[in-house]
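Colleague: The sequence shown begins at 1 in UniProt numbering and counts up one residue at a time. Glycine residues also receive a C-beta, built at the ideal position from the N, C-alpha and C atoms. Here the structure is a predicted model, which is why all the values come from computation and not from measurement. I have a structure here, written as structure tokens, and I will follow up with some questions on it.
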Amino acid sequence: MQNASQSALKSAKKFYSSSTKLTNTEVRKKRNALFEEEKQRQRAAYVKRVEKILVNYKGQPKDVKLLMNKGISTPYNCAMHINEFLMKRSIVALVNGELWDIHRPLEEPCDIEFRHMLDQDPKLPNQVFWRTGAFILGHVMETAFKDNVYVELCSFPPIPVEKGCFVYDVDLKLPDWKPSQRELTSLSMVGGELWDKNWDFERLEVDASLALKMFEDNRFKREQIPDIAQKHKQKRVVLYRMGEHIDITSGPLIANTSQLYRFQVAQIHHIKSRRFGPLQRVQGIAMPSALHMHWWSWDLLCKRASKPMDYLLPDYFISPSKEPTQQKEDNVRAAVEN
Numbered sequence: 001m002q003n004a005s006q007s008a009l010k011s012a013k014k015f016y017s018s019s020t021k022l023t024n025t026e027v028r029k030k031r032n033a034l035f036e037e038e039k040q041r042q043r044a045a046y047v048k049r050v051e052k053i054l055v056n057y058k059g060q061p062k063d064v065k066l067l068m069n070k071g072i073s074t075p076y077n078c079a080m081h082i083n084e085f086l087m088k089r090s091i092v093a094l095v096n097g098e099l100w101d102i103h104r105p106l107e108e109p110c111d112i113e114f115r116h117m118l119d120q121d122p123k124l125p126n127q128v129f130w131r132t133g134a135f136i137l138g139h140v141m142e143t144a145f146k147d148n149v150y151v152e153l154c155s156f157p158p159i160p161v162e163k164g165c166f167v168y169d170v171d172l173k174l175p176d177w178k179p180s181q182r183e184l185t186s187l188s189m190v191g192g193e194l195w196d197k198n199w200d201f202e203r204l205e206v207d208a209s210l211a212l213k214m215f216e217d218n219r220f221k222r223e224q225i226p227d228i229a230q231k232h233k234q235k236r237v238v239l240y241r242m243g244e245h246i247d248i249t250s251g252p253l254i255a256n257t258s259q260l261y262r263f264q265v266a267q268i269h270h271i272k273s274r275r276f277g278p279l280q281r282v283q284g285i286a287m288p289s290a291l292h293m294h295w296w297s298w299d300l301l302c303k304r305a306s307k308p309m310d311y312l313l314p315d316y317f318i319s320p321s322k323e324p325t326q327q328k329e330d331n332v333r334a335a336v337e338n
């Protein structure tokens with residue numbers, strides 16, 4: 001680990017991707033090059049034929065009609081024309097009633113609303129923030145270790161906010177490692193430092209073939225991508241990028257890392273999967289910058305988040321033909337609905 005105690009890692013062998021022999025740093029560099037190339041290709045297609053669309057905003061400080069660029073302008077660009085405060089605090093938009101990322105280009109004429117963490121009904125913003133916290137756990141685990149530890153991210157299941165923590169299941173290839181409190185604190189700092197980096201969350205839809213190329217170094221993602229693409233209307237895969245971290249999720253995620261304030265890696269414990277073998281479950285909790293809390297209240301939440309949780313383990317997502325248990329399907333459905 002780059003900042004934490006090295007005692008647990010001194011005896012670790014040097015690991016690479018089993019398929020391409022690349023380190024985590026090299027894998028990130030490759031993924032980013034492919035992501036950026038595809039992003040520019042898609043953007044160029046719209047720039048060549050700019051088409052105007054009408055966007056209707058209803059809300060504070062006043063209703064506004066905007067003429068924006070199809071496939072280029074985003075809810076963030078709309079907010080820039082309306083109110084600076086709206087632009088900074090909004091974490092997600094509703095476009096024709098559909099949850100929409102703040103930096104996702106608009107595709108058609110639409111009605112638009114904005115949501116933030118202090119809404120009278122914060123359920124939707126909370127869900128978006130929670131999902132983003134799990135996404136960030138992936139970033140933490142991929143970047144906090146030196147390259148002698150090859151980290152493979154498995155998945156971050158849709159844990160309801162009410163459970164008290166978000167999670168990411170990973171393969172650290174360190175079967176005997178039990179992180180100390182000092183090491184957990186060092187991991188937490190990687191997430192906590194994002195507040196000052198001011199990184200946007202970028203969304204990109206890609207063909208399954210490109211997604212497979214980007215994640216050929218990850219045995220879990222390689223297996224998941226065909227099924228994810230099959231469930232998508234256009235048979236595509238939705239990716240997100242934050243800084244140099246790229247992962248798969250349907251989203252939406254928050255707009256910018258400045259909307260994240262406190263971040264805690266609360267627990268890492270070993271789990272077993274009949275499908276994937278031994279894994280580590282990383283549990284975390286975060287607080288948005290819009291909310292203020294006394295340190296002792298935050299400490300109570302962190303203690304709750306540190307209790308090992310076995311809800312929605314990876315085997316819950318085995319297809320019914322492989323694992324025909326109705327209870328597991330019910331658990332997954334309940335989590336998604338929340």
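Counting along the chain, where does the alpha helix (DSSP H) carrying Trp-295 start and finish?
Modeller: Per DSSP, Trp-295 belongs to the alpha helix (DSSP H) from 295–305.
Colleague: For Gly-191, count the other beta carbons within 10 Å of its own beta carbon; 16 or more makes it buried, fewer makes it exposed. Which is it?
Modeller: It is buried - the Cβ of Gly-191 has at least 16 other Cβ atoms within 10 Å.
Colleague: Roughly how many whole angstroms lie between the Cα atoms of Ser-306 and Ala-290?
Modeller: Distance between the alpha carbons of Ser-306 and Ala-290: 24 Å.
Colleague: Rounded to the nearest angstrom, what separates Gln-259 and Pro-314 at their Cα positions?
Modeller: Using only the alpha carbons, I get a separation of about 30 Å.
Colleague: Going by DSSP, name the residue or residues bridged to Asp-101.
Modeller: BP columns for Asp-101 are empty, so no partner.
Colleague: If you follow the alpha helix (DSSP H) that Asp-247 is part of, which residue opens it and which one closes it?
Modeller: Not the alpha helix (DSSP H): Asp-247 falls in the beta strand (DSSP E), residues 245–248.
Colleague: Suppose only complete runs of 4+ residues qualify. What are the alpha helix (DSSP H) ranges in the region 29–104, listed by chain order?
Modeller: Those alpha helix (DSSP H) runs which fall completely within the region 29–104 and span 4+ residues are 75–82, 84–89.
Colleague: Assuming Glu-205 is part of the alpha helix (DSSP H), what are its boundary residues?
Modeller: Premise fails: Glu-205 lies in the beta strand (DSSP E), 201–207, not in any alpha helix (DSSP H).
Colleague: Quick one: give me the first and last residue of the alpha helix (DSSP H) that Pro-122 is part of.
Modeller: First-last for Pro-122: undefined, no H or E at that position.
Colleague: Could you check which residue in Lys-213, Gln-42, Asp-171, His-294 has the C-alpha nearest to that of Gly-277?
Modeller: Closest by alpha carbon: Asp-171.
Colleague: With a 10 Å radius around its C-beta and 16 neighbouring C-beta atoms as the bar for buried, classify Met-287 as buried or exposed.
Modeller: Classification for Met-287: buried.
Colleague: Whole angstroms are fine: how far does the CA of Leu-124 sit from the CA of Gln-327?
Modeller: In this prediction, Gln-327 scores a pLDDT of 42, lower than 50, which makes its location untrustworthy; the coordinate-derived value is nonetheless stated afterwards. Going by the C-alpha atoms only, they are around 26 Å apart.
Colleague: If you measure between the beta carbons of Lys-221 and Ile-248, is that distance less than 8 Å?
Modeller: Closer than 8 Å, so yes.
Colleague: My understanding is that Asn-71 touches Pro-105, with C-beta atoms under 8 Å, so please give their C-beta distance in whole angstroms.
Modeller: The displayed chain sequence assigns Gly, not Asn, to residue 71. Yes, Gly-71 and Pro-105 are in contact; Cβ-Cβ is about 5 Å, under 8 Å.
Colleague: Do you know offhand how far Lys-14's Cα is from Leu-174's?
Modeller: In this prediction, Lys-14 has a pLDDT of 49, which is less than 50 and means its spatial position is unreliable; what the coordinates show is noted afterwards. Looking at the two C-alpha atoms, the distance is approximately 11 Å.
Colleague: Could you give the distance in angstroms between the alpha-carbon of Leu-153 and the alpha-carbon of Gln-60?
Modeller: Taking the straight line from one Cα to the other gives about 41 Å.
Colleague: Over the uninterrupted beta strand (DSSP E) stretch that includes Phe-166, give me the two end residues.
Modeller: Segment 166–171, the beta strand (DSSP E) holding Phe-166.
Colleague: Do you know how far the Cα of Arg-281 is from the Cα of Asp-310?
Modeller: About 9 Å.
Colleague: Is there a Cβ of chain C sitting closer than 8 Å to that of Lys-173, yes or no?
Modeller: Absent from the structure: chain C. Only one protein chain is present.
Colleague: Please determine, among Asp-207, Glu-142, Ile-136, the residue with the shortest C-alpha to C-alpha distance to Ile-285.
Modeller: Comparing Cα positions, the closest option is Ile-136.
Colleague: Compare the beta carbon distance of Thr-74 and Ile-112 with 8 Å and say whether it is the shorter of the two.
Modeller: Result no, Cβ atoms of Thr-74 and Ile-112 do not sit closer than 8 Å.
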